[in-house]
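*Asks:* First to last, the sequence lines map onto chains A and B.
With the first sequence counted from 1, adding 2 to any position gets you my numbering.
With the second sequence counted from 1, adding 378 to any position gets you my numbering.
We put the CB at the ideal spot given by N, CA and C, even for glycine.
Please read all numbers here as calculations on a predicted model, not as lab measurements.
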Amino acid sequence: MKDMADGYITEDGRKIGGVMMEMKNITLRFGGVVAIKDISFDIREGEIRAIIGPNGAGKSSMLNVISGFYHPQEGEVWFHGKKRPSMKPYQVAQQGIARTFQNIALFEGMSVLDNVMTGRLTHMKTNMFQQAIWWGKAQAEETAQREKVEKIIDFLEIQHIRKTPVGRLPYGLKKRVELARALAAEPKLLLLDEPMAGMNVEEKEDMSRFILDVNDEFSTTIALIEHDMGVVMDLSDRVVVMDYGKKIGDGTPDEVRNNQDVIDAYLGVAHD
Amino acid sequence: MPDQFLFGVEVVLNGLMAGVLYALVALGFVLIFKASGIFNYAQGVMALFAALTLVGIMEGQVPFAHLINAIFGTEVHYFGWNVPALAAILLTMVLMIFFAWAVNHFVMRHLVNQEPIILFMATIGLAYFLEGVGDLMWGSEIKKLDVGLPQGASIWVEENTAFLGTDNFFGFFIDKLDMVAALVAAVLVIALVAFAQYTKQGRAMRAVADDHQAALSVGISLNFIWVLVWSLAGFVALVAGIMWGAKSGVQFSLSLIALKALPVLMLGGFTSIPGAIVGGLIIGVGEKLFEFTIGPMIGGATENWFAYVLALLFLVFRPQGLFGEKIIERV
Chain A
3 MKDMADGYIT EDGRKIGGVM MEMKNITLRF GGVVAIKDIS FDIREGEIRA IIGPNGAGKS
63 SMLNVISGFY HPQEGEVWFH GKKRPSMKPY QVAQQGIART FQNIALFEGM SVLDNVMTGR
123 LTHMKTNMFQ QAIWWGKAQA EETAQREKVE KIIDFLEIQH IRKTPVGRLP YGLKKRVELA
183 RALAAEPKLL LLDEPMAGMN VEEKEDMSRF ILDVNDEFST TIALIEHDMG VVMDLSDRVV
243 VMDYGKKIGD GTPDEVRNNQ DVIDAYLGVA HD
Chain B
379 MPDQFLFGVE VVLNGLMAGV LYALVALGFV LIFKASGIFN YAQGVMALFA ALTLVGIMEG
439 QVPFAHLINA IFGTEVHYFG WNVPALAAIL LTMVLMIFFA WAVNHFVMRH LVNQEPIILF
499 MATIGLAYFL EGVGDLMWGS EIKKLDVGLP QGASIWVEEN TAFLGTDNFF GFFIDKLDMV
559 AALVAAVLVI ALVAFAQYTK QGRAMRAVAD DHQAALSVGI SLNFIWVLVW SLAGFVALVA
619 GIMWGAKSGV QFSLSLIALK ALPVLMLGGF TSIPGAIVGG LIIGVGEKLF EFTIGPMIGG
679 ATENWFAYVL ALLFLVFRPQ GLFGEKIIER V
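Encoded structure:
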């Protein structure tokens with residue numbers, strides 16, 4: 003069933019499409035250190051794809067390759083059936099790939115609303131001179147964008163802090179604002195770098211719910227990195243497992259859970 | 379009303395006008411500092427360079443005339459035409475935008491993520507480079523800049539305020555040029571604030587100022603924003619150059635006003651556009667009033683140091699300036 007090229011229907015009734023992004027034999031080195039070694043995997047339209055692994059496995063590096071912050075020495079990135087040339091991060095974002103960061107990268111001095119509005123930048127069409135001179139059209143555009151942003155703010159339940167400067171928010175809410183900003187871009191692919199890192203149990207449950215709702219409501223394809231095995235297994239459709247820069251497992255949560263290499267990597271293995 | 383009081387009022391008015399000119403230079407600093415965290419030492423020289431270029435183009439001066447004559451043994455100095463002020467201003471702006479692009483392309487782009495002190499040193503280098511280029515391009519003699527702005531005391535103000543005092547009081551003496559400068563500064567600040575707050579590029583500009591990584595992740599090109607910001611600073615420099623040039627002639631000491639902008643920034647805060655204006659006004663009024671009241675008792679010439687001492691006091695009691703962003707740090 004899972005091998006069907008055009009996708010399949012999940013047990014809970016969501017539609018998973020064909021391959022959207024394909025990583026082919028990616029190798030990334032920093033000087034002599036090999037962060038990612040010859041890894042290939044794909045991401046299908048509409049699915050929640052997790053990348054897991056112990057500390058230093060190269061998960062974040064992989065996400066940075068996808069979002070254009072790192073450029074692999076070897077290998078190819080294919081997006082929507084086309085080989086992607088080497089791109090700067092802002093060009094990747096303009097292609098419809100949004101992301102969040104492990105240690106939160108928000109605009110601390112700006113309000114929540116303004117932060118989320120920056121997510122709409124790639125959708126705003128009027129240019130600088132129109133903005134400066136043709137006030138009416140620019141204003142109409144701004145209003146239209148505002149509506150979309152308000153919807154997302156409602157969706158993520160952060161209405162009450164709309165006007166608060168982000169710098170004053172607690173950690174858990176900042177994570178949510180960052181997700182809102184990424185969602186505002188209406189991304190084809192949403193990359194989440196440890197969305198639940200440093201959260202308490204309640205916050206983790208909230209975040210899991212939001213991730214599932216986003217996937218369900220907007221049919222957004224999501225690739226996420228996570229440390230916490232338990233959370234990942236409940237959330238994702240398919241999981242890639244990395245260890246020391248290599249791929250040691252790839253499949254459904256159940257397949258991965260029973261993979262001996264994965265068990266060894268997580269629980270440790272006796273060296274003789 | 380006693381004449382002494384009226385003279386005091388006149389001093390305040392003139393202080394406000396002088397403050398507007400300080401504020402114009404400070405504004406350029408704030409723009410670049412806000413967007414890229416760079417303290418642009420070259421801002422004053424940019425104003426000088428813009429003014430030199432404007433005069434040069436208007437008078438049809440041949441750029442690099444000395445150099446050309448030295449190499450080819452010719453004797454060219456002027457094209458022999460005059461360019462109308464408005465066209466010359468537009469041409470100068472084009473050159474300032476090109477300068478903005480060049481600064482980013484050849485210097486700042488390569489210094490991303492360097493220490494602030496290194497970026498600051500780079501702008502010092504830039505300042506002297508630009509000063510040298512200005513000299514080489516247009517010559518070093520003092521030039522008169524006349525773009526058709528009104529000059530001299532406003533008779534209207536004098537006549538209509540003379541009744542306030544006794545026969546010894548002839549009304550407030552206010553330079554028309556200063557009034558124009560105040561008006562221009564007001565319009566400029568409103569436009570810049572509106573741009574930063576309500577437009578797409580303005581929001582992108584603030585985003586870049588706040589966090590580079592996050593800005594990249596929402597699809598903002600850092601290079602584009604930096605060129606934009608340096609162009610805006612170039613525009614502000616041009617406006618400041620026109621005002622200062624029209625007031626006291628285009629001369630190389632113009633670049634020294636940049637230093638007066640420093641205390642203005644300490645008062646207003648390095649990151650606030652309205653702060654630059656208010657800071658400029660306070661310094662302008664403060665130094666004129668101090669010179670008028672205390673000056674005679676301590677031998678005068680207080681204008682040279684008053685601004686810096688005031689800034690020092692501010693540094694002690696309110697380091698982020700009047701309008702600077704409060705430093706919020708969660709522990």
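On the DSSP bridge assignment, give the partners of P167/A in chain order.
*Replies:* Partner(s): S113/A.
*Asks:* On the DSSP bridge assignment, give the partners of V21/A in chain order.
*Replies:* Answer by DSSP bridge pairing, in chain order: R46/A.
*Asks:* Inspect the CB distances between the region 624-637 of chain B and the region 410-429 of chain B and report whether three or more fall short of 8 Å.
*Replies:* In short, these stretches touch, since the Cβ pair count reaches three.
*Asks:* Would the beta-carbon of I435/B fall within 8 Å of that of A466/B?
*Replies:* Yes, the pair counts as a contact, with Cβ atoms nearer than the cut-off.
*Asks:* Evaluate the contact criterion for the region 659-674 of chain B versus the region 461-476 of chain B: three or more CB pairs, one atom per stretch, below 8 Å.
*Replies:* Short answer: they don't touch.
*Asks:* Taking Cβ positions only, does F103/A come closer than 8 Å to chain B?
*Replies:* True, the Cβ-Cβ gap to chain B drops below 8 Å.
*Asks:* DSSP three-state call for L193/A: helix, strand or coil?
*Replies:* In the structure shown, L193/A sits in a strand (DSSP, three-state: E or B).
*Asks:* Determine contact between the region 217-228 of chain A and the region 186-194 of chain A, defined as no fewer than three beta-carbon pairs at a distance below 8 Å.
*Replies:* Touching, per the Cβ criterion.
*Asks:* Return helix, strand or coil for I160/A, following the three-state DSSP convention.
*Replies:* Coil, per DSSP.
*Asks:* What does the alpha-carbon distance come out to for the pair V454/B and D553/B?
*Replies:* Their backbone Cα atoms lie some 38 Å apart in a straight line.
*Asks:* Cα separation between I495/B and I227/A?
*Replies:* Distance between the alpha carbons of I495/B and I227/A is about 37 Å.
*Asks:* Quick one: any contact between the region 118-127 of chain A and the region 143-150 of chain A, if contact means 3 or more CB pairs under 8 Å?
*Replies:* Yes: the two stretches touch, three or more of their Cβ pairs being nearer than 8 Å.
*Asks:* If you drop the 5 nearest sequence neighbours on each side, which residues of the same chain put their C-beta closer than 8 Å to that of W516/B?
*Replies:* Excluding residues within five positions, the ones whose Cβ falls inside 8 Å are L430, T431, V433, G434, Q439 and P441.
*Asks:* Do you know offhand how far S113/A's Cα is from R581/B's?
*Replies:* In a straight line, the C-alpha of S113/A is about 11 Å away from that of R581/B.
*Asks:* Can you check whether the CB of V389/B is closer than 8 Å to the CB of L667/B?
*Replies:* In this structure, V389/B lies closer than 8 Å to L667/B by Cβ.
*Asks:* Buried or exposed for M583/B, please, with buried defined as at least 16 other CB atoms from any protein chain shown within 10 angstroms of its CB.
*Replies:* Looking at its Cβ environment, which holds 16 or more other Cβ atoms inside 10 Å, M583/B is buried.
*Asks:* When DSSP labels each residue in this structure, what does V490/B get in the three-state scheme?
*Replies:* Looking at V490/B - three-state DSSP - the assignment turns out to be coil, as it is neither helix nor strand.
*Asks:* Taking only three categories from DSSP, how would you classify A37/A?
*Replies:* Looking at A37/A - three-state DSSP - the assignment turns out to be strand.
*Asks:* Go ahead and label W622/B buried or exposed: buried means 16 or more other beta carbons lie within 10 angstroms of its beta carbon, across all protein chains shown.
*Replies:* Buried, because 16 or more other Cβ atoms sit within 10 Å of the Cβ of W622/B.
*Asks:* Is it buried or exposed for S633/B, if we count other Cβ within 10 angstroms and need 16 for buried?
*Replies:* By the 10 Å Cβ count, S633/B comes out buried.
*Asks:* If distances are taken between C-alpha atoms only, which option among L508/B, Y576/B, K522/B and G503/B comes closest to A142/A?
*Replies:* Of the candidates L508/B, Y576/B, K522/B and G503/B, the one whose C-alpha sits nearest the C-alpha of A142/A is Y576/B.
*Asks:* Using 10 angstroms around the beta-carbon of G406/B, count the other beta-carbons present and answer buried if the total reaches 16, otherwise exposed.
*Replies:* Flag for G406/B reads buried.
*Asks:* Hey, Q93/A and A199/A: beta-carbon distance below 8 Å or not?
*Replies:* No, the pair does not count as a contact, with Cβ atoms beyond the cut-off.
*Asks:* May I have the straight-line CA-CA distance separating P697/B from G653/B, to the nearest angstrom?
*Replies:* Going by the C-alpha atoms only, they are around 13 Å apart.
*Asks:* Taking only beta-carbon positions, decide if G597/B is within less than 8 Å of chain A.
*Replies:* True, the Cβ-Cβ gap to chain A drops below 8 Å.
*Asks:* Taking C-beta pairs closer than 8 Å, name the residues in chain B that T331/A reaches, listed in chain order.
*Replies:* Nothing can be reported for residue 331/A, as the shown portion of chain A is limited to 3 through 274.
*Asks:* Just to confirm my understanding: we take V387/B, look at its own chain, exclude 5 residues before and 5 after, and list those with CB closer than 6 Å. What are they?
*Replies:* Nothing listed; no residue qualifies.
*Asks:* For D116/A and chain B, any beta-carbon pair shorter than 8 Å?
*Replies:* At least one chain B Cβ lies under 8 Å of D116/A.
*Asks:* Report the residue ranges of all beta strand (DSSP E) runs contained in full by the region 174-233 of chain A; include only those spanning at least 3 residues, in chain order.
*Replies:* The qualifying runs are 191-195 and 223-228.
*Asks:* Along the region 49-76 of chain A, what residues have a CB closer than 9 Å to any CB found in chain B?
*Replies:* For the region 49-76 of chain A, which is checked against every Cβ of chain B, the residues closer than 9 Å are S69, G70 and F71.
*Asks:* Can you tell me which residues form a DSSP beta bridge with E76/A?
*Replies:* Its beta-bridge partners are T29/A.
*Asks:* For R240/A, list the residues DSSP reports as bridge partners.
*Replies:* Bridge partners of R240/A: R51/A.
*Asks:* Can you give me the C-alpha to C-alpha distance between D230/A and L691/B, rounded to a whole angstrom?
*Replies:* When rounded, the distance between both Cα atoms is 53 Å.
*Asks:* Less than 8 Å separating the beta-carbons of M25/A and V79/A?
*Replies:* For M25/A and V79/A, yes; Cβs fall inside 8 Å.
*Asks:* Check whether chain A comes within 8 Å of A564/B, counting only Cβ atoms and requiring the distance to be less than that.
*Replies:* Judged by the 8 Å Cβ criterion, A564/B is not in contact with chain A.
*Asks:* State yes or no: is the beta carbon of M183/A nearer than 8 Å to at least one beta carbon in chain B?
*Replies:* In the sequence as presented, Met is not what sits at residue 183/A; that position holds Arg. Yes, its Cβ sits closer than 8 Å to a Cβ of chain B.
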